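Colleague:
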Amino acid sequence: MGLSSLFTGLLPTYAVLGVLAPALLTTLRFLQGVSLGGEFGGGITLTAEFADPSNRAFYVGIAQTAQGLGPLLATGLIFIFSSLMSPYSFEAIGWRILFIIGAFIAVIGVIIRLKITESPVFKRVRNQGEISKVPLVEAFKHYWKKILLGLGFIIGGTTLTYATSVFASSYLETVIGVPAKLVSLALVIGYIIETICIVIFAKIADKLGRKPMMIATAVGLLIFVYPYFYLISTGIFPLIVLAQVIYSIIGSFGTGAYATALTELFPTKVRYTALSFDYHVGVAVFGGTTPFIATYLIFATKYRLAPVFWGIAGMIVTLIAYSLYKETKGTVFEGQEKVS
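To convert, note that position 102 of the sequence shown is 340 in this note's numbering; the numbers rise steadily by one, no gaps.
#1: For I427, which residues from the same chain have a beta carbon less than 7 Å from its beta carbon, with the 5 sequence-adjacent residues on both sides left out?
#2: Counting Cβ pairs, one atom from each stretch, are 3 or more of them under 8 Å apart for the region 431 to 443 and the region 295 to 311?
#3: Tell me whether the beta-carbon of A289 lies closer than 9 Å to the beta-carbon of K567.
#4: Alpha helix (DSSP H) containing G314: first to last residue?
#5: Among the residues of its own chain, which have a CB less than 7 Å from the CB of I343, if the five just before and after it don't count?
#6: Under three-state DSSP, which class holds A253?
#7: In the DSSP assignment, find the unbroken alpha helix (DSSP H) run with F337 in it and report its ends.
#8: Would you call F524 buried or exposed, if buried means 16 or more other Cβ atoms sit within 10 Å of its Cβ?
#9: Does the beta-carbon of L254 have 16 or more other beta-carbons within 10 angstroms, so that it is buried, or is it exposed?
#10: For the region 347 to 367 against the region 493 to 504, are there 3 or more C-beta pairs whose distance is under 8 Å?
#11: Can the beta-carbon of G492 be found less than 9 Å from the beta-carbon of M553?
#12: Do the CB positions of L535 and A544 come within less than 9 Å of each other?
#13: With DSSP run on the structure shown, which of helix, strand or coil describes R542?
#14: With a Cβ-Cβ cutoff of 9 Å, do K384 and A512 count as a contact?
#15: When you compare the CB positions of G520 and F391, do they come within less than 9 Å of one another, or not?
#16: Using only the alpha-carbon positions, how far apart do I354 and Y485 sit?
#17: Roughly how many angstroms separate the alpha carbons of V359 and R509, rounded to a whole number?
#18: Report the three-state DSSP secondary structure of Y563 (helix, strand or coil).
#19: Can you give me the C-alpha to C-alpha distance between V372 and L420, rounded to a whole angstrom?
#20: Tell me where the alpha helix (DSSP H) around S514 begins and ends.
#21: Can you grab the Cα-Cα spacing for the pair R351 / P417, in whole Å?
#22: Are the beta-carbon atoms of T433 and L307 separated by less than 9 Å?
#23: Who are the near neighbours of F475 in its chain, counting only those whose CB is closer than 6 Å to its CB and skipping five residues on each side?
#24: At the level of alpha carbons, what is the spacing between E277 and S324?
#25: What residue does the alpha helix (DSSP H) around G428 start on, and which one ends it?
#26: For G247, which of V257, L266 and R334 has the nearest alpha-carbon?
#27: Measuring alpha carbon to alpha carbon, tell me which of L262, I470 and L258 ends up nearest S243.
#28: Would you say A344 lies against chain C (beta-carbon separation less than 9 Å)?
#29: At what residues does the alpha helix (DSSP H) containing F378 begin and finish?
#30: Under DSSP, the alpha helix (DSSP H) around N365 begins and ends at which residues?
#31: Just the C-alpha distance for L500 and A330, rounded to the nearest angstrom, thanks.
#32: Output needed for S578: all residues of its chain with C-beta closer than 6 Å, excluding positions within five of it in sequence on either side, in chain order.
#33: Rounded C-beta distance between E287 and F504? I'm assuming under 8 Å.
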């Protein structure tokens with residue numbers, strides 16, 4: 239991931255490389271996406287397997303704050319650079335500096351990884367020779383229903399996350415006419431709130447269970463998705479901030495809970511693979527297409543709030559998945575009673 243960021247920042251322009259430039263950019267972004275999917279599954283799985291069952295959601299929630307901290311750092315830097323540089327300078331070189339900074343941050347990640355060992359739970363499974371030779375095949379053969387359930391967990395939140403960050407940013411700037419710096423500031427405020435709330439609500443999930451927090455998130459977002467787009471469509475900065483803050487709070491209810499539930503759906507030998515598959519497919523298919531679908535809906539219907547329907551559809555799928563999910567609070571991983 240770090241190398242992809244570095245090479246993106248250093249990539250020559252179309253004027254120098256011709257069509258090779260966008261081709262290389264697409265390749266580098268693809269590699270970043272693959273790396274991100276691996277990071278999510280690995281980070282959440284490792285955290286869950288090290289954590290005591292009674293505090294698992296809390297620690298997974300801490301890991302999940304990366305969902306807020308990462309965008310917070312990125313958006314914060316965009317706000318700073320766009321404030322200090324002219325639009326021309328930012329488009330020419332400012333964005334490149336941001337990617338290069340990301341590459342240096344990745345060095346810290348490499349150092350951390352070199353000091354991390356496998357979880358005791360995984361070591362026990364490996365020592366007993368229970369590791370699957372082809373985990374993806376085994377996961378689909380024996381746990382395909384849970385994989386579909388886990389995918390349902392991802393769809394709604396991913397759809398709305400892309401709608402309220404990637405699409406909303408472009409929409410506010412190009413359609414509503416809100417200055418880019420104000421859009422970045424509103425997102426920064428939302429990410430700060432999200433980061434704090436994720437940990438708080440994750441701790442509550444250890445007490446009340448995963449399912450209540452997940453259901454609360456789904457219902458809350460279903461209710462708020464229309465008001466969210468209505469508020470940002472006004473173009474009034476305080477209302478845009480209000481929309482981001484409320485969305486961040488509601489979305490944080492189940493962030494730690496659903497990620498923890500994902501780890502508890504699968505046995506150790508396929509946990510990482512199955513969880514990562516759900517995340518990859520959910521984000522790529524539903525999250526990645528959301529900005530395009532939202533834009534198409536607006537132009538096709540001539541209705542500014544048309545993306546609401548896409549967000550509602552995704553959240554209904556997730557609410558159904560949450561409803562079908564059987565509470566896994568207190569789940570003890572194989573052999574964990576001997577190592578926790």
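Glycine is no exception: its CB is placed at the ideal position from the N, C-alpha and C atoms. Since the structure is predicted, the reported quantities are computational estimates derived from the model, not experimental observations.
Modeller: By the coordinates alone:
#1: The beta carbon of I427 sits closer than 7 Å to the beta carbons of V479, Q482 and V483 from its chain, once the five residues preceding and following it are set aside; these are given in chain order.
#2: Flag = yes, the region 431 to 443 and the region 295 to 311 touch.
#3: No, these two residues do not count as a Cβ contact at 9 Å.
#4: From DSSP, the alpha helix (DSSP H) with G314 extends over A304 to L322.
#5: The beta carbon of I343 sits closer than 7 Å to none of the beta carbons in its chain outside the five residues before and after it.
#6: Secondary structure of A253 (DSSP, three-state): helix.
#7: Unbroken alpha helix (DSSP H) run through F337: W333 to K353.
#8: Flag for F524 reads buried.
#9: Before going further, note that residue 254 is Val rather than Leu in the sequence given. Residue environment analysis places V254 among the exposed positions, since fewer than 16 neighbouring C-beta atoms fall within 10 angstroms of its C-beta.
#10: Segments in contact, no.
#11: One thing to note: G492 has its Cβ no nearer than 9 Å to the Cβ of M553.
#12: For L535 and A544, yes; Cβs fall inside 9 Å.
#13: In the three-state reduction of the DSSP assignment, R542 falls in the coil class, being assigned neither a helical nor a strand state.
#14: Yes, the Cβ-Cβ distance between K384 and A512 is below 9 Å.
#15: If you check the CB distance, G520 and F391 come in under 9 Å.
#16: Distance between the alpha carbons of I354 and Y485: 35 Å.
#17: Their backbone Cα atoms lie some 11 Å apart in a straight line.
#18: The answer is coil: DSSP assigns Y563 none of H, G, I, E or B.
#19: Rounded to the nearest whole angstrom, the CA to CA distance from V372 to L420 is 48 Å.
#20: The continuous alpha helix (DSSP H) containing S514 extends over residues T506 to V519.
#21: Their backbone Cα atoms lie some 39 Å apart in a straight line.
#22: Contact flag set, yes.
#23: The beta carbon of F475 sits closer than 6 Å to those of L420, all from its chain and outside the five residues before and after it, given in chain order.
#24: Going from the Cα of E277 to the Cα of S324 covers about 35 Å.
#25: Annotation: the continuous alpha helix (DSSP H) that includes G428 extends over A418 to L446.
#26: Closest option to G247, Cα to Cα, is R334.
#27: Of the residues L262, I470 and L258, the one whose Cα lies closest to the Cα of S243 is L262.
#28: Within the model displayed, chain C is absent; a lone protein chain is all it includes.
#29: Judged by DSSP secondary structure, F378 falls within the alpha helix (DSSP H) whose first and last residues are P373 to Y400.
#30: Element bounds for N365: P358 to N365.
#31: Using only the alpha carbons, I get a separation of about 42 Å.
#32: Confidence at S578 is low in this model, with a pLDDT of 42, below 50, so the placement of that residue is unreliable and no value is reported for it.
#33: Wrong, their Cβ atoms sit about 11 Å apart, outside the cutoff.
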